[in-house]
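Right, one structure below, let's go through it.
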Amino acid sequence: MTERKKTGREEGVQVDFGMGGLFKGIGNLIDLVSEMIEEGESEVSRRGEFKVKGLDQARGVYGFNVRMGLGGTPTVEHFGNVRATDEGPVVAEEREPLVDVFDEGDVILVVAELPGVQEDDVQIEVRDDILSLSTTGERKYAKELLLPSLVEPDTMEATCRNGILEVRLRKAA
Amino acid sequence: MGNGDSEEKGKGIHIDLGLGEMFKGLGDLVKVAADLADKVDLSELDEEKIAELRRASQTRVGGIPRGVYGVSVRRGTGGIPRVQPFGNIRRTERGPVVDEVREPLVDVFDEQDVLLVIAELPGVEEKDVRIEIQDDVLKLSTATKGRKYAKELQLPCSVEESTMESAYKNGVLEIRLRKGGAEEGA
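Chains as they are written, first to last, in my numbering: chain A, 1 to 173; chain B, 174 to 359.
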């Protein structure tokens with residue numbers, strides 16, 4: 001029995017992920033974070049002085065984005081500067097940016113979020129179907145990504161504005 | 174009991190967070206997130222949902238969203254690590270939902286007389302940023318056609334709204350506010 005009810009709360013468009021496996025995973029993750037926030041506060045205040053190494057200089061960021069991939073499968077991509085190691089997570093100086101790749105027929109469009117970066121500070125290298133992105137300057141980002149097809153590096157056009165980098169590349173014939 | 178000397182892991186500075194419980198929590202988080210990719214199972218979704226998702230993801234950045242969720246960890250006052258979530262995936266009773274409006278990554282720094290708020294708002298124009306202050310609550314939103322951000326944050330103390338200075342550059346918004354003096358009453 002489907003009840004097509006239009007939800008009254010008009011707060012922009014929402015995509016409902018449902019309760020499936022991946023999406024349950026996301027739910028668990030969010031729960032875990034809220035737990036961390038609550039526990040963190042009580043745990044830490046209970047223990048008084050808490051030793052934190054290195055966090056003065058660095059801030060840890062960890063995140064993921066989910067979108068429908070080019071083949072119609074949802075893809076999960078990670079970003080941030082927290083890396084998992086055998087000894088637990090460590091914070092790196094370089095942050096992996098949030099990147100989206102769009103297939104636009106003849107052209108591949110790569111959109112990266114690089115807040116705090118100027119156009120001059122961006123370096124892009126393309127070899128075969130691998131794009132390497134890095135920045136110099138105050139905020140450091142680095143990412144290597146596999147493009148969905150081979151491209152012609154000479155056709156690259158890149159713009160960086162308001163912290164968003166857009167790179168266009170013609171697909172190789 | 175491993176020895177504390179962290180090995181040189183090649184390029185980049187790796188900082189041991191040394192967060193104890195927090196550390197474990199973050200480790201779990203990374204693990205859970207890594208597992209997510211393996212959990213992708215379209216068979217659990219009905220046709221309609223798949224079509225909906227596909228439509229959503231084909232719309233470019235300005236339109237319907239992709240889901241973003243993340244946490245930032247940094248040292249807070251008194252050495253207490255502070256974890257803050259950001260992104261546009263919200264928990265609802267029906268499961269996680271991707272919203273059009275994204276919560277940005279925000280840091281607040283206490284600089285004695287002044288509070289400094291730094292928000293990452295890539296892809297908006299300075300003129301589209303709206304900042305509102307009520308006592309010790311700062312409301313931040315963007316009214317652009319493209320990317321939409323909104324965040325309400327509790328400042329560590331009350332501030333003098335008239336002293337607000339803000340600047341937006343390369344996707345980063347900086348707001349400076351003088352702290353409110355010990356007001357008349359107290």
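Even for Gly, the Cβ is constructed at its ideal location relative to N, Cα and C.
The structure presented is a predicted model; accordingly, all values stated were derived computationally and were not measured.
Quick one: does residue 124 of chain A have its CB under 8 angstroms from some CB of chain B?
At least 8 angstroms separates the CB of residue 124 of chain A from every CB of chain B.
Hey, would you say residue 130 of chain A sits closer than 8 angstroms to residue 344 of chain B, going by beta carbons?
Contact flag unset, no.
For residue 345 of chain B, decide whether its Cβ has a neighbour in chain A, counting only Cβ atoms nearer than 8 angstroms.
Residue 345 of chain B counts as touching chain A.
Residues of the segment 283-313 of chain B with a CB closer than 8 angstroms to any CB of chain A: list them in chain order, please.
Taking 8 angstroms as the Cβ-Cβ cut-off against chain A, the residues of the segment 283-313 of chain B that qualify are 293, 294, 295, 296, 297 and 298.
State yes or no: is the beta carbon of residue 242 of chain B nearer than 8 angstroms to at least one beta carbon in chain A?
Closer than 8 angstroms to some Cβ of chain A, the Cβ of residue 242 of chain B qualifies, so yes.
Fully enclosed by the segment 262-317 of chain B, which beta strand (DSSP E) runs are 3 residues long or longer?
List check, beta strand (DSSP E) in window: 268-276, 278-284, 287-293, 302-307 and 310-315.
Here's the rule: buried if 16 or more other CB atoms are within 10 angstroms of the residue's CB, otherwise exposed. What is residue 160 of chain A?
Taking all protein chains in view, the Cβ of residue 160 of chain A is crowded by 16 or more other Cβ atoms within 10 Å, so the residue is classified as buried.
Is the distance from the Cβ of residue 126 of chain A to the Cβ of residue 169 of chain A below 8 angstroms?
Cβ distance < 8 angstroms, so residue 126 of chain A and residue 169 of chain A count as in contact.
Restricting to Cα atoms, I'd like to know which of A/121, A/111 and A/172 is closest to residue 149 of chain A.
It is A/172.
Short of 6 angstroms in beta carbon distance, which residues of its chain neighbour residue 281 of chain B, apart from the five on each side in sequence? Order them along the chain.
So the qualifying residues of the chain are 290.
In the DSSP assignment, find the beta strand (DSSP E) that holds residue 118 of chain A and state where it starts and stops.
Taken as a continuous stretch (DSSP letters only), residue 118 of chain A belongs to no beta strand (DSSP E), as it is neither H nor E.
Alpha carbon to alpha carbon, how far is residue 132 of chain A from residue 151 of chain A? Give it in angstroms, no decimals.
Looking at the two C-alpha atoms, the distance is approximately 13 angstroms.
Cβ closer than 8 angstroms: which chain B residues qualify as neighbours of residue 98 of chain A?
Residues of chain B with a Cβ closer than 8 angstroms to the Cβ of residue 98 of chain A are, in chain order, 241.
For residue 313 of chain B, count neighbouring Cβ atoms within 10 angstroms of its own Cβ and tell me buried if that reaches 16, exposed if not.
Under this definition residue 313 of chain B is a buried residue.
Do you know offhand how far residue 81 of chain A's Cα is from residue 333 of chain B's?
When rounded, the separation of the alpha-carbon atoms in residue 81 of chain A and residue 333 of chain B is 35 angstroms.
With DSSP as the reference, identify every bridge partner of residue 131 of chain A, one or two as the case may be.
Beta-bridge pairing links residue 131 of chain A to A/126 and A/145.
Does the separation of the CB atoms of residue 95 of chain A and residue 141 of chain A fall below 8 angstroms?
Cβ atoms of residue 95 of chain A and residue 141 of chain A: closer than 8 angstroms.
Under 8 angstroms between C-beta atoms of residue 243 of chain B and residue 61 of chain A:
Residue 243 of chain B places its beta carbon less than 8 angstroms from that of residue 61 of chain A.
So which residues of chain B does residue 164 of chain A contact, with C-beta pairs closer than 9 angstroms?
Neighbours of residue 164 of chain A on chain B, chain order: 234, 295, 296, 320 and 344.
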